[in-house]
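So the structure is just underneath, and the comments pick up after that.
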Amino acid sequence: MLDATDTKLLAALQADAHLTAQQLGELLNLSPSQAGRRRQRLESEGFIQGYSARLDATKLGLQVQGFVQVHLGSHGPKQSASFATLISTRPEITSAWTMTGEADYLLRVYCADLPGLNTLLHEVLLPHPAVSRVQSQIVMDQLKRDAPLPT
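Pasting the structure below:
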C-alpha cells in the first residue's frame, strides 16, 4: 500500500519527472538514497509505468485533434483483435478505449489537417470489415490539459 510519503512522491513526479533523488529527498524530508529507493520500489511495483515528454502538437504540424467513436457491425474476438491491431499501427491514433454505451471504441486522434482526418476515417477506419460506422468530433480548444492523476 501507499503511505503519505509515497503519495507525495508520486504527485511530485507527475509535476516534474526530472526530479533527482536529491530534489525528491528535499521535498519528502528524506535522504537522497531513501527517496531513490522509494522511487525504484514504486517503479518496480508498477505504480510508475514510465516517463515521457509532453510535446506541442501544433508545433509538430498536427493542427487537428479529434475524437472518433467507432461502432462495430459485428462483435467477436476475431473482429476485436483485428481492429485492435489496426489501431495499434496508426500513429495518428494516440489513445483508444473500449466503451460502454452506443459506441464500441473511442479514439483520440491527431492529424496535420482536415484532409488527413478524412483519410483516416474514410481510407483506414471505415474500410475495416468489422466497422459499421464512425462519428468524429473535432476539438476546437482544449480547456484543460491532460492532468496528473489524483493521488
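Numbering-wise, my numbering puts 683 at position 8 of the sequence shown, and it's gapless, one number per residue.
Every residue gets a Cβ at the ideal spot worked out from N, C-alpha and C, and that includes glycine.
- Here V809 has V743, Q744, V745, H746, L796, L800 and L801 as same chain residues with Cβ atoms under 8 Å from its own Cβ, once five neighbours each way along the sequence are excluded.
- Residue burial is scored here from C-beta neighbours: E767 has at least 16 other C-beta atoms within 10 angstroms and is therefore classed as buried.
- Judged by their CB atoms, S763 and R783 are not nearer to each other than the 8 Å cut-off.
- In the three-state scheme derived from DSSP, where H, G and I count as helix and E and B as strand, F722 is classed as coil.
- Within the stretch 788-822, the complete beta strand (DSSP E) runs of at least 3 residues fall at 806-813.
- With contacts defined by Cβ atoms closer than 8 Å, Q715 and P707 do not form a contacting pair.
- Around the beta carbon of V814, a 10 Å sphere encloses fewer than 16 other beta carbons of the protein chains shown; the residue is thus reported as exposed.
- The three-state secondary structure of Q754, taken from DSSP, is helix.
- Beyond the five residues adjoining it in sequence on each side, Q812 comes within less than 7 Å, by CB distance, of G741 and F742 in the same chain, given in chain order.
- For the pair of segments examined, the stretch 749-765 was found not to touch the stretch 714-733: the number of CB pairs separated by less than 8 Å stays below three.
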